[in-house]
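Visitor: When we follow the numbering used here, the leftmost residue of the sequence shown carries the number 20, and every step to the right adds one.
Below: one structure in C-alpha cells.
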Amino acid sequence: MPTKRCPRCSAEMPGSAWPPKPGRPSIWCSQQCRRAAYEERRAAKNGAVSVRVEVVEKPIERIVERIRIETREVYSSPAEAAQIVLKSPRACRTVLESLAAEADSGRLNAATFAPTLRAAQRLLDSLRRARLING
C-alpha cells in the first residue's frame with residue numbers, strides 16, 4: 020500500500036494509529052500546512068496571485084568566520100592596579116623587568132621617580148629580611 024503524502028509539502032503523512040480515529044482521515048501533514056493551504060485558497064479566491072516559496076540549498080565555496088572582540092577600557096586606581104598585578108606572578112615579573120630596563124637605559128629620572136625609587140628600596144630591604152634574595 021503506497022504511503023499517503025501531504026498535497027502541499029509532499030511530506031509523508033504521520034502513521035495511522037490503531038484503532039483508527041473517528042471522523043474524516045487527515046489531508047494535511049501538520050497544522051502549518053493546513054493553515055498555509057487555507058491562506059493560499061483564500062488569496063486565490065480574492066484574486067491575489069499565490070506565491071510558492073521553494074527552499075533551494077546552495078553549496079558554499081568556503082566558510083568565513085568573523086570574530087568580533089569588544090573591549091572597553093576600565094580605569095583602575097593605582098591601588099586596584101597593584102592588586103591586579105600582585106595576583107599574577109607573570110605581571111609582577113613584567114613590571115619589575117620594565118622598571119629595571121628603564122633604570123638601565125637612564126630614563127628613570129631620580130627627581131620624578133623618587134617615590135618609586137624609595138618603594139623599590141623598601142622592596143629590596145623586605146626581600147633581604149625575608150631571605151628571598153642574597154645580599
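We put the CB at the ideal spot given by N, CA and C, even for glycine.
These numbers were taken from a predicted model, which means no experiment stands behind them.
Helix, strand or coil, according to DSSP, for E31 in the structure here?
Guide: Note: E31 maps to strand in three-state DSSP.
Visitor: Have a look at N128 and V83 and give me their C-alpha separation to the nearest angstrom.
Guide: 51 Å
Visitor: Where does R61 fall in DSSP's three states?
Guide: Note: R61 maps to helix in three-state DSSP.
Visitor: Under the rule that 16 or more other beta-carbon atoms within 10 Å means buried, what is C28, buried or exposed?
Guide: The residue in question, C28, is exposed, as its Cβ has fewer than 16 Cβ neighbours within 10 Å.
Visitor: Tell me the DSSP secondary structure of R24 in three-state form.
Guide: strand
Visitor: Within 10 angstroms of the Cβ of C48, are there 16 or more other Cβ atoms? Answer buried if so, exposed if not.
Guide: buried
Visitor: Return the Cβ separation of M32 and R24 in integer angstroms, given the expectation that the two are a contact with Cβ distance under 8 Å.
Guide: 6 Å
Visitor: With C-beta atoms as the reference, is S96 less than 8 Å away from I103?
Guide: no
Visitor: Check for me: the alpha helix (DSSP H) holding E121 runs from which residue to which?
Guide: That run of the alpha helix (DSSP H) goes 108-124.
Visitor: Taking the straight line between their C-alpha atoms, what separation do you get for V93 and E76?
Guide: Going by the C-alpha atoms only, they are around 46 Å apart.
Visitor: I need the boundaries of the alpha helix (DSSP H) containing T131, first residue and last residue.
Guide: T131 -> no alpha helix (DSSP H), and no H or E assigned at all.
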